[in-house]
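Take 320 as the starting number for the sequence shown in my numbering and just add one per residue.
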Amino acid sequence: MKVIGLTGGIAAGKSTVSDILSKLGAEIIDADKIGHQIYLPNTEAWKDIIAAFGEDILLPDKTVNRPKLGSIVFDDKAALKKLNDIVHPRMYKRFEEEIELKRKKNKNKGVIVLDAAILIEANWLPLVDRVWVVVADQDTVIDRLCLRSGFTKEHARSRISSQLSDEERRGYADVVIENNGTMTEVEQRVYEAWKRI
320 MKVIGLTGGI
330 AAGKSTVSDI
340 LSKLGAEIID
350 ADKIGHQIYL
360 PNTEAWKDII
370 AAFGEDILLP
380 DKTVNRPKLG
390 SIVFDDKAAL
400 KKLNDIVHPR
410 MYKRFEEEIE
420 LKRKKNKNKG
430 VIVLDAAILI
440 EANWLPLVDR
450 VWVVVADQDT
460 VIDRLCLRSG
470 FTKEHARSRI
480 SSQLSDEERR
490 GYADVVIENN
500 GTMTEVEQRV
510 YEAWKRI
C-alpha cells in the first residue's frame, strides 16, 4: 500500500487535491484533524502546552485558544520550536498508527494520502513513499487568501513568506500539481498523476 505525502503552501489548493484523491479511492489522513485532537483538553500534549505557555492560552472551556497561541509563536522562533517539539512527535506517532490501521483495513491494497501542510518542515517524510506538492503562483495565492480569508494583500504576503517556498517544496517532490487554473484543469492533473502510481 503506497503512502503519498501531500503538501503545499497556504491557499495552493492542497485540500482540493486531497478531495479529488479521496474521490479516486485514496484513504486520507488529515493532519489538521489529528493536530486538533492532539490539543484536546487533558491529553498529554495539552498538559505539556499548558506547562510551557501557561493557562492564559486557555479558553473558558479549557480548550487551547489556538489563535492566541499562534500569536505567541508566530514571530518567536524559540517559542515555535518549543510548541513543535511538544506537538510534532505526537502527531508522527498518530500518523504511524493511522497508516497501520488503514493498511490492515484495506489488506495492504490501495493508496493512503497523508495530507499535511508541514510534511517537510515537521520531518514527517519518513512516513511516506512519495511526495506530491501542490503549487500555485503567488498572485493566485494572494487572491485566494484575500477572497476566502479576508486577508489584506500585505497579510497574505506575510503568511506566504513565513512558509517554505514552492521552489523549496519542489526539491522534495516526486509529483508537482500546478493549481493556477480551473477545477477541471487541476482534476486532470491529479488524474494523470494518479494513473502513474
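Quick reminder that beta carbons are idealized off the backbone N, C-alpha and C, glycines included.
Quick caveat, the model's predicted, so the values are computed rather than measured.
With DSSP run on the structure shown, which of helix, strand or coil describes Trp443?
Coil.
Does the beta carbon of Ser480 come closer than 7 Å to any beta carbon on chain B?
Judged by its chain identifiers, the structure shown contains no chain B, having just a single protein chain.
Look up Thr335 in the DSSP assignment and say whether it is helix, strand or coil.
Residue state, collapsed to three classes: helix.
Can Val447 and Gly324 be called in contact, C-beta distance under 7 Å?
Yes; because the gap between Cβ atoms is below 7 Å, this pair is in contact.
Return the first residue and the last residue of the alpha helix (DSSP H) that Lys426 is part of.
Neither: Lys426 is in no alpha helix (DSSP H) and is coded neither H nor E.
Kindly list the residues whose CB is nearer than 6 Å to the CB of Ala345, restricted to its own chain and excluding five residues on each side of it in sequence; keep chain order.
So the qualifying residues of the chain are Val430 and Val432.
In the structure shown, what three-state DSSP assignment does Ile405 receive?
Correct three-state label for Ile405: helix.
Run the CB neighbour count on Ser337, radius 10 Å, all protein chains shown included, and call it buried at 16 or more, exposed below.
So Ser337 ends up on the buried side.
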